[in-house]
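> With the working numbering, letter number 34 in the sequence shown gets 102, and the count goes up by one each step, no holes.
Pasting a structure below so you can have a look.
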Amino acid sequence: MAGVSVGLLDTSVFIARETNRRIDLGLLPEESAVSVVTIAELRWGVLMAGDDEARASRLETFTAAQRLQPIPIDERVAAAWALLRQRLKSAGKKMEINDSWIAATAIAHGWPVVTQDLGFPSEIPELTVIRV
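Written as structure tokens, this is what we have:
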């Protein structure tokens with residue numbers, strides 16, 4: 069995407085690739101990053117696979133995501149998460165906990181979240197959301 073050099077890929081983008089769901093490639097940033105939370109969600113998906121074919125497909129997705137050197141939750145991310153949760157509550161908005169950790173990681177690093185998930189509110193000033 070023009071002007072966006074790095075973006076934090078949400079779990080939904082990896083799942084879209086895995087399931088051959090359409091992704092608007094023109095909106096993807098030049099470089100991609102991934103949160104440890106996405107890695108955890110993808111690992112859980114491998115563990116919960118109902119059969120060997122699904123497990124193999126999910127393992128491939130998980131392995132691809134790990135290659136991006138996952139971004140950890142550190143003090144800066146934790147501070148962004150607390151502020152995000154406070155702003156969401158004040159605005160009367162809800163957000164899944166894992167999504168809020170992913171969003172906080174993006175905020176802390178000054179990156180947009182790249183997602184297909186509608187659970188990322190676009191009304192939070194610090195959070196840039198790119199829907200692909």
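Ideal Cβ placement from N, Cα and C applies to all residues, glycine included.
Tell me where the alpha helix (DSSP H) around residue 87 begins and ends.
Where residue 87 is concerned, there is no enclosing alpha helix (DSSP H), given that its DSSP letter is neither H nor E.
> Rounded to whole angstroms, what is the Cα-Cα separation between residue 118 and residue 132?
So the two alpha carbons sit approximately 21 Å from each other.
> Check residue 182 in the structure and name its three-state DSSP category.
In the structure shown, residue 182 sits in a strand (DSSP, three-state: E or B).
> Where residue 145 and residue 177 are concerned, what is the direct C-alpha to C-alpha distance, given to the nearest angstrom?
Their Cα atoms are separated by approximately 8 Å.
> Cα separation between residue 101 and residue 191?
Spanning the two alpha carbons is a distance of roughly 23 Å.
> Taking residue 125 as part of the alpha helix (DSSP H), name the residues at either end of that continuous run.
It spans 120-134 - the alpha helix (DSSP H) in which residue 125 sits, taken as one unbroken run.
> For the alpha helix (DSSP H) that contains residue 143, what are its first and last residues?
Its alpha helix (DSSP H) spans residues 143-158.
> Would the beta-carbon of residue 75 fall within 7 Å of that of residue 189?
Not a contact, by the Cβ cut-off of 7 Å.
> Is it buried or exposed for residue 109, if we count other Cβ within 10 angstroms and need 16 for buried?
Buried, because 16 or more other Cβ atoms sit within 10 Å of the Cβ of residue 109.
> Just to check my reading of the structure: residue 153 and residue 168 have Cβ atoms closer than 8 Å, yes? What is that Cβ distance to the nearest angstrom?
Yes, residue 153 and residue 168 are in contact; Cβ-Cβ is about 6 Å, under 8 Å.
> Which residue marks the beginning of the beta strand (DSSP E) containing residue 99, and which one marks its end?
Segment 99-102, the beta strand (DSSP E) holding residue 99.
> Sorted by chain position, which residues of the same chain lie with C-beta nearer than 7 Å to residue 93's C-beta, five sequence neighbours on each side aside?
Counting only Cβ-Cβ distances below 7 Å, and skipping sequence neighbours, we find nothing.
> Rounded to the nearest angstrom, how far is the Cβ of residue 125 from that of residue 98, given a contact under 8 Å?
Not really, about 27 Å apart at Cβ, beyond 8 Å.
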